[in-house]
Structures are given as C-alpha cells and as structure tokens.
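Remarks on the structure that follows.
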Amino acid sequence: MSVKKIFLNEEDIPRQWYNIAADLPTPMQPPVGPDGNPITPEMLSPVFPANLIEQEVSRQRWIDIPTEILEILKIWRPTPLIRAYNLEKHLKTPARIYFKDESVSPPGSHKPNTAVAQAWYNKKFGIKKLTTETGAGQWGSALAFACSLIGGIECKVYMVRISFDQKPFRKAMMQVWGANCVASPSKETNAGRAILKKMPDTPGSLGIAISEAIEEAVTDKSGKTRYSLGSVLNHVLLHQTIIGLEAKKQLKMAGEKGVDVVAACAGGGSNFGGLAFPFVLDKINGEKIDIIPVESATCPKMTRGPFAYDFGDTAQMTPLLPMFTLGHAYVPPPIHAGGLRYHGMAPLVSQCIVEGLVAPRAYNQLKCYESALLWARVEGSICAPETSHAIACVIEEALKAKEEGKEKVILFNYSGHGLLDLGGYEKYLSGKLTDYSLSENELCDSLKVIKDFPKAKKHKSGKW
Ligand SMILES: *Cc1c(COP(=O)(O)O)cnc(C)c1O
C-alpha cells in the first residue's frame, strides 16, 4: 500500500525560523516615511513590542523558536504532508503532487503560526492587550485562539461591520476563545465615532477597522496595549517559514530528491512566503524550481501593479513599504476569497519577484471554484476560497507536466479549509458568481494615490 500522509515526529518540529532577509542577493529597501526618510525602530514602538520590531529588521539567517511557542504549536504541528494521488489519477498526470495541510490548526488556517508567536512575544514584553482588525474573520479568530492559549493577554478584534453581520460564526469562534469582537466602525474610538456620525449605515472597511485597532493600541495610557498584523510584515512571514521547513523534511522522507514546482496563494504573502522561502534559498543556491505565488485576478497587484512605495494599509498608518501594489485605496469587488483582497504584496515576496526568484500568476474566481469542486470530489476536503487559487495553479502545472511527459514534483500549501465559507460555494453552485476584471483605466486611477510618494528602486542581481 502506498503512503498517503507523511508525518513528522513531534521532536522533528523545526526549532528555528528561516529569515530570508539574510540571503536575498540584493538588499531590501527600508520602510520610509512620506518624506522619504527611513523609519527608525523607535518610531514603530507605540504600535509593536521591541522584540518583534527586532525580528522585523533582523538579518540573522536562523532565529530560535522559543520552547513555549513550540509547546502551543504542537497542538496541531507538525502538520502532515499529503500526496494528492486521487487528483494525480484524475488528471492522468505523471507529476507527483504534495500538499502541506495547514487547515488542521484549530482556527482552520496557517494564520495561528504567527498569531501564537506574536501573542507570546507581546506577553514577554509585558503587554496585556492586543488589538487587531479582521475582514472575513480568519485572522481575528487566529489571534483570539493564540491569546487564549498563551493566557494573560486580552484580545480585541475590530471586525468590518458587513462581515460581522454576515459571518456570525467567525465572530462566535473569537468569543469562544474569549476575545472581544466588535463591529467596526464602533463607538469605542475617535476614528469610529467620527465615521458613524457622517455615515451611520456604513458597511465598514478594513481601513477603518485598522485605524480603530491602532488608535486603541497607541492611546492606551498604561502603555500595555499593542497592535498585531496577520500578514505582509517581515516577522509575520518569518513565523510562517515553519511550514516550508517541515515540508522540506517530509519531501525527503517521501523519497523525493527535490521539487520542481512550489505554489501557494498570496493575499499579503505570509502563507506563500512561509511555504516557499526555504525553497527560494535552494534556488538561490543553484537549484531549478518554479516558485509561484498565486493571486486573484480581481486583486492583481503582483501581475499588474507596479513595484512602488506604498502604505501597507488602507488607513495610511504604516510606514511606506516597497511592494507590488494596486494603491492603498484599492477596494476590490466582493470576491469570496476575502484573504486575497489585500492591495499590496509583502516586501520580502515583492523583492523575490523583482529578482525573478518567484513568478506570480493570477486566476479568476470561477476557475478557482471549479478547481475547488474538482478537488473536493476527488481528494475529499472542502478548501478555503483562497486555497482554491493554489489548486487551480497546481492543476495547470500538473497538466503541463503531462503534456511535457515529465515526472515533476509539485508542492503546494493547503492554507485553510472552507467549512465556514460555504456561502461562496452555494453561490457558485447556483450560478450566481461572476468574474470581475480590473480595466486599465481603473488600475491607473487606483495608482494615482501613490504618484507623489518616494520611488522604489528595482535592485536586481540579474541571476534569475
Ligand atoms: C488569510 C488567508 C490567506 C491569505 O493570506 P496571506 O498569508 O496573507 O497571503 C490564504 N488562505 C487562507 C485560508 C487564509 O485564511
């Protein structure tokens, strides 16, 4: 009988995160203020604790994972590496398809890998409360879970009002884990009150929710509240590299000498970076691997946006970051892959694109749902709408391998399950979903907000 799932023993869980900033062939450009001057770590200290800021700017290649964090990650880690035999058979491909199953975490996605680490570092720094925003609720539920398991740290989540009303189950998860989840805009902050006064019936937005969460963190007079971000930043991607490090060991156990294709969907870039960065290192060291971040064609920052300095958030609270972006004010149409609606791409992933180390792709939602259905019907599990983008790409790559007659090894990240996203499946099945494409005019308009920002340079070694 062939082996379907490759398990690591608990003692083989990686003890260090991998920091790709140490190995990028050309240096990252620093975050800057609107005047073009680099941001200093002190400027970030009202928002993030010093130990996480230290990780954010670190160039150290390997960073130890504290034992207490490992103890909590062990609730679901190491996650299995699974061979998608049924999909291979269905596609009649000679490719061997593996996926890292991050859906087995209690909140159901990769997000708690960083949520647990962030809660731990904040607690260690003496912080008593974390604030954050959430759209569809995946990040909010991951942070609520993390604060609950770490203990001694309150969690306050500003959830975009329309999701708060339409997605009661994510909110219930946060409450089960003891978090305080409020609809944003709320009456609890100046930002929220000002907006409610002008627009009492607003559905809310991520930008507003971020403003509220940051305001609560920086105005707490005790100085013991900080803000937490679920993707995009260097330290978040760092915490996610445990995924790729485990996968590398597991591929070896499966008898694979290498991998030809690595793919993951990319919203802000953390689940992609988490799986891919250890393989990007192999590529820097000479291996030939196609590494593909997959985005939604409705939010095509990597495939159609410029590499430019832009705010990391719609509320313009972060420093300017060098990233592929559609402009921080871009509001994509309401596709169901909520996690892929972010306007920009993590600076570390963006720099890998500039270097040519990774090559992005975009897919429309109908094709992704079609792939998700095929997946559910042959492999059994119902994936998150975000994850379906990676699956669409994998199917394409597996068919290409068939055409070329090559026995390729394909690895992807199964970033989450879709059991709380069945509304999207329901709409797809009843023919109510459509594709949206962004016109060149809309793209130009959306980029106007960044035209006077400092310019980012495309540093490229020319090796890839
Ligand atoms: C949030 C989310 C994503 C996108 O996250 P990034 O790591 O920011 O790219 C992908 N898949 C699932 C299941 C998610 O919850």
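Our numbering puts the first residue of the sequence shown at 986, with every later residue one more than the last. From the three backbone atoms N, C-alpha and C, an ideal C-beta is built for every residue, glycine too. None of these values were measured; they are calculated from a predicted model.
The continuous beta strand (DSSP E) containing Glu1139 extends over residues 1139-1145. Of the residues Lys1436, Glu1200, Pro1153, the one whose Cα lies closest to the Cα of Glu1173 is Glu1200. In the three-state scheme derived from DSSP, where H, G and I count as helix and E and B as strand, Leu1405 is classed as coil. Following the DSSP letters along the chain, one finds Lys1085 inside the beta strand (DSSP E) bounded by residues 1081-1086. Minimum Cα-Cα distance from Pro999 among the listed residues Asp1008, Met1028, Gly1229, Pro1439 corresponds to Gly1229.
No Cβ-Cβ contact shorter than 9 Å links Ser1400 with Gln1350. His1328 is not a Cβ neighbour of Ala1347, given a cutoff of 9 Å. For Gly1390, the CB stays at least 8 Å from every heavy atom of ligand 1. The beta carbon of Ile1038 is closer than 6 Å to those of Pro1026, Leu1029 in its chain, skipping five residues each way along the sequence. The closest heavy atom of ligand 1 lies 8 Å or more from the beta carbon of Phe1438. The C-beta of Asn1426 has fewer than 16 other C-beta atoms within 10 Å across all chains shown, which makes the residue exposed. Distance between Trp1124 and Pro1019, taken at the CA atoms: about 28 Å. If only complete runs of 3 or more residues are kept, the region 987-1024 shows the beta strand (DSSP E) at 1001-1003, in order along the chain.
For Arg1211, the beta-bridge partners assigned by DSSP are Leu1115. In this chain, the alpha helix (DSSP H) harbouring Ser1133 covers 1123-1135.
Relative to ligand 1, even the nearest heavy atom lies 8 Å or more away from the CB of Lys1152. At least one heavy atom of ligand 1 sits closer than 8 Å to the Cβ of Gln1123. Pro1319 is the residue among Ile1338, Pro1319, His1402 whose C-alpha sits nearest the C-alpha of Asp1420. A distance below 9 Å separates the beta carbons of Leu1396 and Phe1264. Ser1446 has its alpha-carbon roughly 42 Å from the corresponding atom of Val1145. Cys1353 and Thr1204 have their alpha carbons spaced roughly 42 Å apart. Distances between the C-beta of Cys1378 and the heavy atoms of ligand 1 are all 8 Å or more. The beta carbons of Cys1140 and Leu1115 sit about 5 Å from each other, so the pair counts as a contact at 8 Å. Closest option to Asp1275, judged by alpha-carbon separation, among Trp1449, Pro1304, Phe1084, Lys1412: Trp1449. In the structure shown, the three-state DSSP call for Thr1310 is strand.
Restricting attention to Leu1076, Ser1196, Asp1008, the CA atom closest to the CA of Glu1388 is found in Leu1076. Taken in chain order, the complete beta strand (DSSP E) segments of 3 residues or longer contained in the region 1203-1282 are 1210-1212, 1246-1250, 1275-1281. Between Met1302 and Ile1195, the C-beta gap is smaller than 9 Å, which places the two residues in contact. Annotation: Ala1121 to Ser1366 spans about 21 Å, alpha carbon to alpha carbon.
Measuring C-alpha to C-alpha distances from Gln1160 to each of Leu1218, Ser1373, Pro1092, Leu1359 identifies Pro1092 as the nearest.
Distances from the CA of Phe1084 to each of Leu1266, Asn1004, Ala1261 were compared; the closest alpha carbon is that of Ala1261. Taking a contact to require three or more Cβ pairs closer than 8 Å, the region 1331-1342 and the region 1043-1054 do not qualify as touching.
Per the coordinates, the alpha-carbon of Leu1305 lies some 21 Å from the alpha-carbon of Asn1036.
With a 10 Å radius around the Cβ and a threshold of 16 neighbouring Cβ atoms, Arg1044 comes out exposed. Between Asn1071 and Ala1361, the alpha-carbon positions lie close to 11 Å from each other.
Excluding five sequence positions before and after Tyr1212, the CB atoms of its chain that fall closer than 6 Å to its own CB belong to Val1032, Thr1116, Ala1198, Ile1199, Ala1202, given in chain order.
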